[in-house]
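Report on the structure given below.
2 protein chains.
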Amino acid sequence: MMQPHKRVIGPAIVRTRMGQTTMVKRTSFEGDACPIARSLDALGDWWSLLIIREALFGLRRFGEFQNKLGMAKNILSARLRALVDRGILATAPASDGSAYQEYVLTPKGRGTFPILVALRQWSEEFDDRPEEIATILVDREKGRPVKKLEMRAEDGRLLTPADTTLKPRSARRRSA
Amino acid sequence: MMQPHKRVIGPAIVRTRMGQTTMVKRTSFEGDACPIARSLDALGDWWSLLIIREALFGLRRFGEFQNKLGMAKNILSARLRALVDRGILATAPASDGSAYQEYVLTPKGRGTFPILVALRQWSEEFDDRPEEIATILVDREKGRPVKKLEMRAEDGRLLTPADTTLKPRSARRRSA
DNA sequence: TTGTGTGGTTGCATCATAAAACCAAATGCC
DNA sequence: GGCATTTGGTTTTATGATGCAACCACACAA
Numbered sequence: 485m486m487q488p489h490k491r492v493i494g495p496a497i498v499r500t501r502m503g504q505t506t507m508v509k510r511t512s513f514e515g516d517a518c519p520i521a522r523s524l525d526a527l528g529d530w531w532s533l534l535i536i537r538e539a540l541f542g543l544r545r546f547g548e549f550q551n552k553l554g555m556a557k558n559i560l561s562a563r564l565r566a567l568v569d570r571g572i573l574a575t576a577p578a579s580d581g582s583a584y585q586e587y588v589l590t591p592k593g594r595g596t597f598p599i600l601v602a603l604r605q606w607s608e609e610f611d612d613r614p615e616e617i618a619t620i621l622v623d624r625e626k627g628r629p630v631k632k633l634e635m636r637a638e639d640g641r642l643l644t645p646a647d648t649t650l651k652p653r654s655a656r657r658r659s660a
Numbered sequence: 485m486m487q488p489h490k491r492v493i494g495p496a497i498v499r500t501r502m503g504q505t506t507m508v509k510r511t512s513f514e515g516d517a518c519p520i521a522r523s524l525d526a527l528g529d530w531w532s533l534l535i536i537r538e539a540l541f542g543l544r545r546f547g548e549f550q551n552k553l554g555m556a557k558n559i560l561s562a563r564l565r566a567l568v569d570r571g572i573l574a575t576a577p578a579s580d581g582s583a584y585q586e587y588v589l590t591p592k593g594r595g596t597f598p599i600l601v602a603l604r605q606w607s608e609e610f611d612d613r614p615e616e617i618a619t620i621l622v623d624r625e626k627g628r629p630v631k632k633l634e635m636r637a638e639d640g641r642l643l644t645p646a647d648t649t650l651k652p653r654s655a656r657r658r659s660a
């Protein structure tokens, strides 16, 4: 795959208390060519995915997130703002008619579902103490566990990691 | 869902709004009942998945990771150690006969592949500047993009998030 | 109007980070 | 063997984000 290249995004001059200035390299993967890094840049802090998870289950209000996740309010506030900035959540007027605000998932936010499922399944499969896992994700209709995510080729063949490779995006097939 | 119980243990990477990453005191979800939280506890810092990604592509040596990822050596050292502790990587004597050590993925580590694919696909689908993404994951045989991960029921029905629900693990079907 | 709950922001101490300097062992070269 | 260099880290240091708690503003209720 590609590696994230570290790059100095902006001149970040920092003044030490000794009066010196130093250049702080900000390692950001925003603008990086690696899509994994780009995703991590948007979701990579660990509260964000938990917030999204709760949102997928219907939480919308600041207080609901705060109660459920038990996180500091300032952090929640910062995370919600970041998620809104990134188009993962959107603010909306409260659905119950109150003047308060709600945070709802955008399609981009709902699109993280496979990521959450993948994380869940990894835990289910490899956790050292699986008996501590409290819930199973099931198909609502049948009540049976959802199947493990699998990678398939366009034609439906099941793929292992070794069956895949990375191609430069620019090298798109030009014929048909 | 579960409430994480806060417990300060290990490091976690957090992204600031400037795009910097920083490691902070983290509340750990180890021992939590939510499998997503448990996964995030093991993988949830952002360097770890990138290290795993490189490892999937064959990197094994400390120096290789360091060069490729461009991260501080102390952080890499800490991450590698944490990943080894968690059974995601294992140390092995160098394959080239030298006295140095190598870090190789365990099955548990290789099991993160769907997570990486999910992250990648999310980026490919929702990124604001998809043209900046340099690579595509393709089926090696045909050179065509791998199909988007999809959730299916045991019987093969395609599932949306709304088609799923969580069930307590203890409430396993006792009949049949 | 006063009072209470919701939805935050602000201040502050802690502590993990990231960069760089340092160091030891292994290897290469002669 | 002896010396230099590379590899693989650890230590040191400064920064600054986190998490907690206090505070605040607005909405809503009475």
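Chains as they are written, first to last, in the working numbering: chain A, 485 to 660; chain B, 485 to 660.
Cβ coordinates follow ideal geometry from the N, Cα and C atoms, glycine included.
Mind checking if residue i is an interface residue toward chain A, Cβ cutoff 8 Å exclusive?
i	result
Gln-550 of chain B	no
Ile-559 of chain B	no
Gly-547 of chain B	no
Asp-569 of chain B	no
Arg-636 of chain B	yes
Glu-586 of chain B	no
Leu-633 of chain B	yes
Leu-589 of chain B	no
Leu-642 of chain B	no
Suppose contacts are defined by Cβ-Cβ distances below 8 Å. Is residue i in contact with residue j by that definition?
i	j	result
Asp-623 of chain A	Glu-638 of chain B	yes
Val-630 of chain B	Met-635 of chain A	yes
Tyr-587 of chain A	Ala-526 of chain A	no
Ala-566 of chain B	Glu-616 of chain A	no
Strictly under 8 Å for the Cβ-Cβ distance: is residue i near chain B by that measure?
i	result
Ile-535 of chain A	no
Thr-506 of chain A	With a pLDDT of only 30 at Thr-506 of chain A, under 50, the local geometry of the prediction cannot be trusted, and no value is derived from it.
Asp-611 of chain A	yes
Thr-596 of chain A	yes
Val-622 of chain A	yes
Asp-580 of chain A	no
Ala-602 of chain A	yes
Pro-652 of chain A	yes
Thr-575 of chain A	no
Arg-544 of chain A	no
Val-630 of chain A	yes
Ala-521 of chain A	yes
Ala-583 of chain A	no
Ala-539 of chain A	no
Leu-564 of chain A	no
Leu-524 of chain A	yes
What is the rounded straight-line gap between the Cα of residue i and the Cα of residue j?
i	j	result
Ala-618 of chain A	Ile-520 of chain B	11 Å
Arg-613 of chain A	Ile-620 of chain A	15 Å
Leu-650 of chain A	Leu-633 of chain B	17 Å
Arg-522 of chain A	Gln-585 of chain A	29 Å
Gln-605 of chain B	Ala-583 of chain B	39 Å
Thr-648 of chain B	Asn-551 of chain B	43 Å
Ile-572 of chain A	Ala-602 of chain B	16 Å
Gly-640 of chain B	Lys-557 of chain B	46 Å
Arg-628 of chain B	Ile-599 of chain A	22 Å
Arg-570 of chain B	Leu-524 of chain B	12 Å
Gly-581 of chain A	Thr-590 of chain A	21 Å
Pro-652 of chain B	Leu-553 of chain A	19 Å
Arg-510 of chain A	Trp-531 of chain B	Because Arg-510 of chain A sits at a pLDDT of 33, beneath the cut-off of 50, its placement in the model cannot be relied upon, and the following sentence gives the value as read from the coordinates. One C-alpha to the other measures close to 14 Å.
Val-568 of chain A	Val-568 of chain B	36 Å
Please name the residue in the options whose C-alpha comes closest to that of residue i.
i	options	result
Pro-645 of chain B	A:Gly-571, A:Ala-583, A:Gly-542 and A:Ser-582	A:Gly-542
Glu-625 of chain B	A:Leu-643, A:Asp-569 and A:Val-601	A:Leu-643
Subject >> Touching by the beta-carbon criterion (3+ pairs, under 8 Å), the region 575-587 of chain A and the region 560-575 of chain B >> reply: With contact defined as three or more Cβ pairs closer than 8 Å, the region 575-587 of chain A and the region 560-575 of chain B are not in contact.
Original post:
Contact between the region 599-615 of chain B and the region 592-610 of chain A: three or more CB pairs below 8 Å?
Top reply: A contact exists between the region 599-615 of chain B and the region 592-610 of chain A.
Original post:
Is the number of C-beta pairs between the region 528-544 of chain B and the region 544-551 of chain A that are closer than 8 Å three or more?
Top reply: Contact fails: fewer than three Cβ-Cβ distances are below 8 Å.
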